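Down below is the structure, laid out as structure tokens.
Number of protein chains: 2
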Amino acid sequence: MEFETFKNEYLLSMETICEEIFKRNTDSIKVKKQKFAVRNLTKIIDTALRLSNRTGFHAMGLRALSKESGLSMGGLYAYFEGKDELLRIIQDYGRQVLMELLQKHTAEERDPQRQLETAIKVHLYLSEIMRDWFFFSYMEARFLSRDDRRAAIAGELRTEQMFSEIMEKGCREGVFTVTDTVLAASLIKAMLQDWYLKRWKYAGRNVSVEDYAEHMLGWVRAYLGCGVVCQKNGGEMLKH
Amino acid sequence: MEFETFKNEYLLSMETICEEIFKRNTDSIKVKKQKFAVRNLTKIIDTALRLSNRTGFHAMGLRALSKESGLSMGGLYAYFEGKDELLRIIQDYGRQVLMELLQKHTAEERDPQRQLETAIKVHLYLSEIMRDWFFFSYMEARFLSRDDRRAAIAGELRTEQMFSEIMEKGCREGVFTVTDTVLAASLIKAMLQDWYLKRWKYAGRNVSVEDYAEHMLGWVRAYLGCGVVCQKNGGEMLKH
DNA sequence: GTCTATACAACGATAGAC
DNA sequence: GTCTATCGTTGTATAGAC
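Protein chains in written order, with my numbering: chain A, 259 to 498; chain B, 259 to 498.
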């Protein structure tokens, strides 16, 4: 799968996802007309992500959010009950998108090797498109309320579990050789996250998301012991 | 190298390092007597790390820092000119320690494989001891002033460069097979950082720092193509 | 559905006593 | 070298007009 292909699919599914977010939060959103609500909520979330990633969510004042989003102070409070809840709404929003797309794309594959490759690429490509959200979600997760933090942790563990389950399956089918799939999944997650956490570094080196995906898959294939050809066996090079 | 061995060495070198930190900051510290200064500065930094990692540096009020550290509001200002500078002092402090220990320990090795192993273990072990600082440093780096952020980025790149240089050397000596040592060093750094960024996860699974080091070295050895024995060659298992 | 005006708590920082 | 008292500013949140 290429990045551009994924991007086009993503754009098509976004409108329905935005409407879903609105429906998930009808309790706290006082504006009842979907047309207004979706438009302004999108604007608020986008602006909040942009401002927060510069100064941190806590340092982003609601006065600044009001000014940059175009809504007044009072207007903002029609969309969330307080700053804490804005944090929850934003976190919830992206997690929804990630899980939906990961599950949809991996379900289309049968072969564990292709399934793992797809899961890695979907994660990287989505974090490339929604980089503001991924960065925010990682950096601000510790400021969530107890219950909301629990939900965020569960989300992280669920995506990690998808990776370990694919590896388990690969081991049973004899195509992978892994001793600890849980720890292996953690390291895969760490590599996936580095892509959006260190954007400044990779951008400065002109590394594209597809370059990164290929390099990372090299590590994963080497570790899983698939596609490795022995040097002593006919003089072939080690393939990673 | 085992964790306990490293820990003992670290404790011995800390006193001199603390004095060095004091000397590096005599400009902003108004207290001139080393006895007072080192004791209180250590107390301030420890408390600031503890409070910040719960609520974020920005959300940590100086009133809370005053109360928890035992110094008064006015007293604090004898040790830094403002909150921004406290951030700089803390960042500077740990970076100093990390670079010093990384360089010292890798210089003791000649073999690239042992050098890489040592660098990885020193990084993991130190982050285990100074986990509060490592976590803080990662999470609050973006709130530094322009110049200080530049210094933090330079530090990150310098440690990364140590890893890529070891790999370059290993390639020249024919013991490693790596195509892109810079990208490989980035992924190694990402794995090192996950250890202190996701402490809650590994603690919950009873994964010790030595378990993590061994697992991580498995990945690195597999990728570098060293120690890999072909399955077809006499029926031996793939070693990672 | 959105605005302006305002309440009041908490912030970083400093002056001056000891 | 450290304290208490206080300054001006900024924070979140709300009431009531339109």
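Beta carbons are placed, not taken as given, at the ideal position from N, Cα and C, and that holds for glycine.
Source: prediction; values computed, not measured.
Query, Result
"Arg309/B vs Met318/B beta-carbon contact at 8 Å", "The residue asked about is misnamed: residue 309/B is Leu in this sequence, not Arg. Yes, they are a contact pair."
"Endpoints, alpha helix (DSSP H) assigned at Lys281/A", "Phe261 to Arg282"
"Alpha carbon of Ser327/B to alpha carbon of Arg321/B, nearest angstrom", "10 Å"
"Reference Asp334/A, options Tyr351/A, Thr305/A and Leu359/A, closest by Cα", "Residue 334/A is actually Leu in this sequence, not Asp. If we check each option's Cα against that of Leu334/A, Thr305/A comes out closest."
"Alpha-carbon to alpha-carbon, Ala365/A and Arg400/B", "38 Å"
"Nonlocal neighbours in the same chain, by C-beta distance under 8 Å from Glu431/A, ignoring five residues either side", "Pro370"
"Chain-ordered chain A contacts of Val465/B [CB-CB under 8 Å]", "Leu441"
"8 Å CB neighbourhood of Leu475/B in its chain, flanking five on each side removed", "Glu375 and Ile378"
"Boundaries (first-last residue) of the alpha helix (DSSP H) holding Glu355/A", "It is Val, not Glu, that sits at residue 355/A in the sequence shown. Its alpha helix (DSSP H) spans residues Lys341 to Ala365."
"Residue-chain proximity (His381/B, chain A), Cβ-Cβ < 8 Å", "no"
"Cβ-Cβ separation, Tyr396/B to Gln451/B (assumed contact under 8 Å), whole Å", "7 Å"
"Closer than 7 Å at the beta carbon, the chain B residues around Ala480/A", "Ala480 and Tyr481"
"Residue closest to Met418/A, alpha-carbon to alpha-carbon, out of Ser444/A, Tyr383/A and Gly428/A", "Sequence check: residue 418/A is Glu here, not Met. Of the candidates Ser444/A, Tyr383/A and Gly428/A, the one whose C-alpha sits nearest the C-alpha of Glu418/A is Ser444/A."
"Short-range partners of chain B found in the region 406-437 of chain A, where Cβ spacing is below 7 Å", "Thr435"
"Chain A contact for Ser310/B (CB, 8 Å cutoff)", "no"
"Coarse secondary structure for Thr435/A, derived from DSSP in three states", "coil"
"Proximity winner among Val465/B, Ala442/B and Met420/B, relative to Val440/A (alpha-carbon distances)", "Val465/B"
"Check whether Ala295/B and Phe280/B have beta carbons under 8 Å apart", "yes"
"Alpha carbon of Met272/A to alpha carbon of Glu267/B, nearest angstrom", "55 Å"
"Member of Glu414/B, Ala442/B and Gly483/B whose CA lies at the smallest distance from the CA of Ala471/A", "Ala442/B"
"Whole-number beta carbon distance between Phe394/B and Ile348/B, since they are thought to touch under 8 Å", "7 Å"
"Which of helix, strand or coil DSSP assigns to Ala443/B", "helix"
"Limits of the unbroken alpha helix (DSSP H) element including Asp406/B", "Arg404 to Arg430"
"Below-8 Å beta-carbon distance, Ser444/A vs any chain B residue", "yes"
"Beta carbon of Ser385/A nearer than 8 Å to that of Phe338/A", "no"
"Cutoff 8 Å; reference Asn491/B; Cβ partners in own chain excluding five residues on either side", "Caution is warranted here: a pLDDT of 40 is assigned to Asn491/B, below 50, making its placement in the model unreliable, and the coordinate value is therefore given only provisionally. Nothing listed; no residue qualifies."
"Test: Trp391/B CB closer than 8 Å to a CB of chain A", "no"
"Nearest-angstrom Cα separation, counted from Ile387/A out to Arg404/A", "29 Å"
"Thr435/B versus Cys429/B - alpha carbon distance", "6 Å"
"Top-ranked residue by Cα proximity to Leu514/B, from Ser422/B, Glu468/B, Val380/B and Leu307/B", "For chain B, the structure presents residues 259 to 498; residue 514/B sits outside this window and is missing."
"Rounded C-alpha distance that separates Leu356/A from Ser324/A", "28 Å"
"DSSP three-state assignment for Ile287/B, whether helix, strand or coil", "coil"
"Three-way DSSP call (helix, strand, coil) for Leu455/A in this model", "helix"
"Below-8 Å beta-carbon distance, Ala336/B vs any chain A residue", "no"
"CA-to-CA distance, Met259/A to Leu415/B, given in whole angstroms", "32 Å"
"Assigned exposure category for Arg408/A - 16 Cβ within 10 Å defines buried", "exposed"
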